[in-house]
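Offset between the sequence shown (1-based) and our numbering: plus 177. Below you'll find the structure, written out as C-alpha cells, and then a few comments.
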Amino acid sequence: FLIRRFALKEAEYSRRKLEEENEEIILRLAQELGVEVEKEGEGYSMHFTTFLRYATKLRGTGEDEKWRLINRELRKGCIPVSKEELLRLLQEAIREKIENELPLKVGREVCEHIRFIIEELKEELEAFRKNFTSEGIQKFSKKALPPCMENLLEMVLSGKNLPHASRFALTSFLLSTGLSVDEVVSIYRNSPDFDEEKTRYQVRHINGATGTKYIPPSCETMRVYGDCIKSEICGNAKHPLQVYRRLLRRSEILERDGGG
Numbered sequence: 178f179l180i181r182r183f184a185l186k187e188a189e190y191s192r193r194k195l196e197e198e199n200e201e202i203i204l205r206l207a208q209e210l211g212v213e214v215e216k217e218g219e220g221y222s223m224h225f226t227t228f229l230r231y232a233t234k235l236r237g238t239g240e241d242e243k244w245r246l247i248n249r250e251l252r253k254g255c256i257p258v259s260k261e262e263l264l265r266l267l268q269e270a271i272r273e274k275i276e277n278e279l280p281l282k283v284g285r286e287v288c289e290h291i292r293f294i295i296e297e298l299k300e301e302l303e304a305f306r307k308n309f310t311s312e313g314i315q316k317f318s319k320k321a322l323p324p325c326m327e328n329l330l331e332m333v334l335s336g337k338n339l340p341h342a343s344r345f346a347l348t349s350f351l352l353s354t355g356l357s358v359d360e361v362v363s364i365y366r367n368s369p370d371f372d373e374e375k376t377r378y379q380v381r382h383i384n385g386a387t388g389t390k391y392i393p394p395s396c397e398t399m400r401v402y403g404d405c406i407k408s409e410i411c412g413n414a415k416h417p418l419q420v421y422r423r424l425l426r427r428s429e430i431l432e433r434d435g436g437g
C-alpha cells in the first residue's frame, strides 16, 4: 500500500516537471522507460500495443472513454497522442517502474539506524488507512452520506444519467459503506440507459472482481470533476469516507441516546 502511494506521488511529481521540459527531454525519457513514441506533427504517435500497455491501467480513473482503443484514431497500427496524453502515459510508466523496483534491499545497520522513523511511518500509515478506506465501516446509512454523495445518489434515484467519473465515485463509495453488488446495481435501475449486464460488470470490477477493489475518489478529485458540494458538515476532511465515518458515529450516538 505504501509503495503504491509513494510510486503514484513520485510519478505525478515527475509529470508536472515534464510539463516544463522540451520535446527532446520528453522523448529521451520515454526511450529510457521503454515507451516507444515518435514526434508527429504537433503531437506524437505510438504503436497501439504500447498505448494499450499503459492506457488499460488508467481504467477506473474517471477517464475510461478517453483511453479505450475503440475511441482512438488508428493509422497503420499507430495511435496519435497529444503532449498532455503522452505525459499521462509516461506518468503511468514511471509509476510502474518505481513500484516494480521497490522495496530496495538495505543492510541491517541501515534499518536499525532509521528504526524510529520506520515506526513513526507505520503509525501514520495505519491512521491513513483508517481514514481513506472502509475499515471500521460495517453498515450503510443514508443519514451519514456526505453532501457530494447524497447529491449523486439523489440524481440517480430521480432518473438522471451521471457522467462516468461521477458514477465511478458513487459506486466505489457505496460499496465501501457496506452495500452489496446487487444493492448497488439496483440503485441504477432508474437510469435512462440502464443495462443490467453492463452495470453489474462495472460494479463488480470496481468491487475488486478482477483483483483490485477501488477506493472512492478523494475530496480533491471530487472537486476536479465538479462533484464536490462545499458544506460545513465536511469540515477539513480530505476524503468523503472521513465525513461518512464521522456522521455515522454521530447518528449512532443520537439513536443510542434516543435523540433521533
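All C-beta atoms, glycine included, are put in the ideal place defined by N, C-alpha and C. It should be emphasised that the depicted structure is a prediction, and the values quoted were computed from it without experimental measurement.
Q) Going by the CB atoms, is the gap between Ala346 and Ser428 shorter than 8 Å? A) Position 251 of the sequence shown, counting from 1, holds the residue named residue 428. Position 169 of the sequence shown, counting from 1, holds the residue named residue 346. Cβ atoms of Ser428 and Ala346: not closer than 8 Å.
Q: Could you work out which residue in Ile275, Asn248, Glu397, Ile410 is closest to Phe183 when comparing CA atoms only?
A: On the sequence shown, position 6 is the one that residue 183 refers to. Of the listed residues, the one whose Cα sits closest to Phe183 is Ile275.
Q. In or out: Arg422 buried (at least 16 other Cβ within 10 Å) or exposed?
A. Along the sequence shown, read from residue 1 onward, the residue named residue 422 stands at position 245. That one is buried.
Q) Considering Lys390, what are the terminal residues of the beta strand (DSSP E) in which it resides? A) The residue you call residue 390 lines up with position 213 of the sequence shown. Where Lys390 is concerned, there is no enclosing beta strand (DSSP E), given that its DSSP letter is neither H nor E.
(Q) Taking DSSP's pairing of strands, which residues face Glu217 in a bridge? (A) As a working mapping, residue 217 is identified with position 40 in the sequence shown. Partner(s): Gly220.
**Q.** Buried or exposed by the 16-neighbour rule on C-beta atoms within 10 Å, applied to Pro340
**A.** On the sequence shown, residue 340 is found 163 positions in, with the first residue counted as 1. Pro340 comes out exposed.
Q: Tell me whether Ile256 sits in a helix, a strand or coil according to DSSP, three-state version.
A: For this step, residue 256 is matched to residue 79 along the sequence shown. Ile256: strand per DSSP, three-state reduction.
Q: Indicate the three-state DSSP secondary structure (helix, strand or coil) for Phe228 in the structure shown.
A: Mapped onto the sequence shown, residue 228 falls at position 51. Reduced to three states, the DSSP call for Phe228 is helix.
Q: Please confirm whether Ala270 and Leu195 have their CB atoms less than 8 Å apart.
A: Your numbering for residue 270 matches position 93 in the sequence shown. Your numbering for residue 195 matches position 18 in the sequence shown. Not in contact: Ala270 and Leu195 (Cβ atoms no closer than 8 Å).
Q. Once you ignore the five residues that flank Glu189 on each side, which residues in its own chain have a CB closer than 6 Å to its CB?
A. Looking up residue 189 in the sequence shown gives position 12. Answer for Glu189: no residue qualifies.
Q: Tell me where the alpha helix (DSSP H) around Arg249 begins and ends.
A: Walking along the sequence shown from the start, residue 249 turns up at place 72. Looking at the DSSP string, Arg249 is not in any alpha helix (DSSP H), and its letter there is neither H nor E.
Q: Kindly indicate the opening and closing residues of the alpha helix (DSSP H) around Ser349.
A: Residue 349 sits at position 172 when you count from the first residue of the sequence shown. That run of the alpha helix (DSSP H) goes 341-353.
Q: Look up Tyr365 in the DSSP assignment and say whether it is helix, strand or coil.
A: Within the sequence shown, the letter at position 188 stands for residue 365. In the structure shown, Tyr365 sits in a helix (DSSP, three-state: H, G or I).
Q: Determine contact between the stretch 365-383 and the stretch 276-289, defined as no fewer than three beta-carbon pairs at a distance below 8 Å.
A: no
**Q.** Nearest to Met326 (by Cα), restricted to the options Leu351, Ser335, Asn338
**A.** Taking the sequence shown and counting its residues from 1, the one referred to as residue 326 is at position 149. Nearest option by C-alpha distance: Leu351.
Q.
If the criterion is Cβ atoms closer than 8 Å, does the pair Val258 and Tyr221 meet it?
A. Taking the sequence shown and counting its residues from 1, one reaches residue 258 at position 81. Taking the sequence shown and counting its residues from 1, one reaches residue 221 at position 44. Taking 8 Å as the Cβ cut-off, Val258 and Tyr221 qualify as a contacting pair.
**Q.** Nearest-angstrom Cα separation, counted from Leu425 out to Ile180
**A.** Translated into positions along the sequence shown, residue 180 becomes position 3. Translated into positions along the sequence shown, residue 425 becomes position 248. Their Cα atoms are separated by approximately 31 Å.
Q | Residue nearest to Arg245 in terms of C-alpha spacing, selected from Phe225, Lys375, Glu261, Gly254 | A | Your numbering for residue 245 matches position 68 in the sequence shown. Closest option to Arg245, Cα to Cα, is Phe225.
**Q.** Val212 - DSSP class collapsed to helix/strand/coil
**A.** Looking up residue 212 in the sequence shown gives position 35. In the structure shown, Val212 sits in coil (DSSP, three-state: anything other than H, G, I, E or B).
Q | Own chain partners of Arg192 with C-beta closer than 6 Å, once the 5 adjacent residues on each side are dropped | A | For the purposes of this step, residue 192 is taken as the residue at position 15 of the sequence shown. Once the five neighbours on either side are set aside, the close Cβ partners of Arg192 are Leu264, Gln268.
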